[in-house]
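The number in this note's numbering is simply the position in the sequence shown, starting from 1, with 42 added. C-beta: ideal position from N, C-alpha, C; glycine also. Right, one structure below, let's go through it.
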Amino acid sequence: MTDLAAPGQGQGEGARTEELAQRLAAVRSRIATAAESAGRSNRLPALIVVTKFHPAQDIRRLAALGIKDVGENRDQEAAAKALELADLALTWHFVGQLQTKKAKSVARYASAVHSVDRPQLVDALAKAVRNEMESSGRAPLDCFIQVNLADPADDDGTHRGGAAPADVPVLAEGITRSAGLNLVGVMAVAPLGVPAEPAFEKLAGISARLVAAYPAATAISAGMSQDLEAAIKFGATHLRIGSDILGSRPAVG
Ligand SMILES: *Cc1c(COP(=O)(O)O)cnc(C)c1O
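Printed below as a string of structure tokens:
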């Protein structure tokens, strides 16, 4: 580890970096253990650190610890942080529910959107990304189709976003025929109050059907602080970890 007390950091700054380093190491060790149990030590999932509600300075500290992929779920916050941290050349993943009117802003900084869940959003993102490709030369946007894993019979309206599994093919077709968008795979958040393993097993099945039709769309974005082991067991390629690395989020004001 380098630079724990970089010049210019005040009292306590090094302590926060050290805390983040320790938490990050603990999460990496959980990932390694889970991958080993799943017989996939040679295919570790990518780690995206979800930094929502935490200050840009924490992202700077994480970057100094080698983190390159960060996730945010609110455009206003993400756009401000991406601007402030432009010197770090981070990869920004948008992981939250996204209004079509925010597509233009997200296209300025995000490399990937994990929450593509309806045709209007596909169209809005495609248009915004094409404009950015022309004006600033950005690369195509990686798109994960977010799937709602709640059983429709149990779905009391508290589901955590995403398209119905039956809607995945039409979304996949929309993304692949849109210039500027890359279909990379599926994403889900485990439903609240039920075991994560069956949910992620269901996601693995949805992914397999998608890959049968779109062989390059192999990504599975699944696994948060509470359930990363279950996600790795069922093939997650991208983990989205927040609180176990950064600590609990400040309450929403
Ligand atoms: C906040 C968030 C995460 C990270 O959750 P933790 O429980 O803090 O690890 C992952 N995915 C999405 C979509 C989120 O909004």
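Residue i beta carbon near ligand 1 (any heavy atom closer than 7 angstroms)
i      : result
Lys123 : no
Ser316 : No statement about residue 316 is possible, as the shown extent of the chain runs from 43 to 295 and does not include it.
Ser71  : no
Asp111 : no
Val92  : yes
Ala65  : Here the sequence assigns Arg to residue 65, which means Ala is not the residue at that position. False, no ligand heavy atom lies under 7 angstroms from that Cβ.
Ala286 : For clarity, residue 286 is Asp in the given sequence; the question names Ala instead. Yes; taking the cut-off as 7 angstroms, the Cβ of Asp286 has a heavy atom of ligand 1 nearer than that.
Ile101 : no
Arg282 : yes
Val148 : no
Val231 : yes
Gly138 : yes
Nearest neighbour of residue i, chosen from the options [CA to CA]
i      : options                          : result
Gln188 : Ser177, Leu252, Glu60 and Asn173 : Leu252
Met266 : Ala255, Glu239 and Ala254        : Glu239
Lys275 : Ile262, Ala195 and Ser220        : Ile262
Arg180 : Val164, Phe136, Arg65 and Leu223 : Leu223
Arg282 : Ala272, Ile90 and Ala77          : Ile90
8 angstroms Cβ cutoff met for residue i and residue j
i      : j      : result
Ala205 : Arg160 : yes
Leu132 : Lys110 : yes
Ile73  : Leu86  : yes
Ala149 : Leu183 : yes
Ala80  : Thr279 : no
Ser249 : Gly277 : yes
Whole-Å CB distance - residue i paired with residue j, under 8 angstroms assumed
i      : j      : result
Pro298 : Ala192 : The displayed coordinates of the chain run from 43 to 295. Any statement about residue 298 would go beyond what the structure contains.
Ser157 : Gln139 : 6 angstroms
Leu288 : His135 : Contact doesn't hold; Cβ gap of about 15 angstroms is too wide.
Lys94  : Arg116 : 7 angstroms
Ligand 3 heavy atom lying under 7 angstroms from the CB of residue i
i      : result
Asn115 : The model on display carries ligand 1 but not ligand 3.
List, from N- to C-terminal side, the beta strand (DSSP E) runs of 3 residues or more that fit wholly inside the stretch 64 to 134. 88 to 92 and 111 to 114
Extract the residue ranges of the alpha helix (DSSP H) inside the stretch 212 to 257, only unbroken runs of 4 or more that lie entirely within it. 238 to 255
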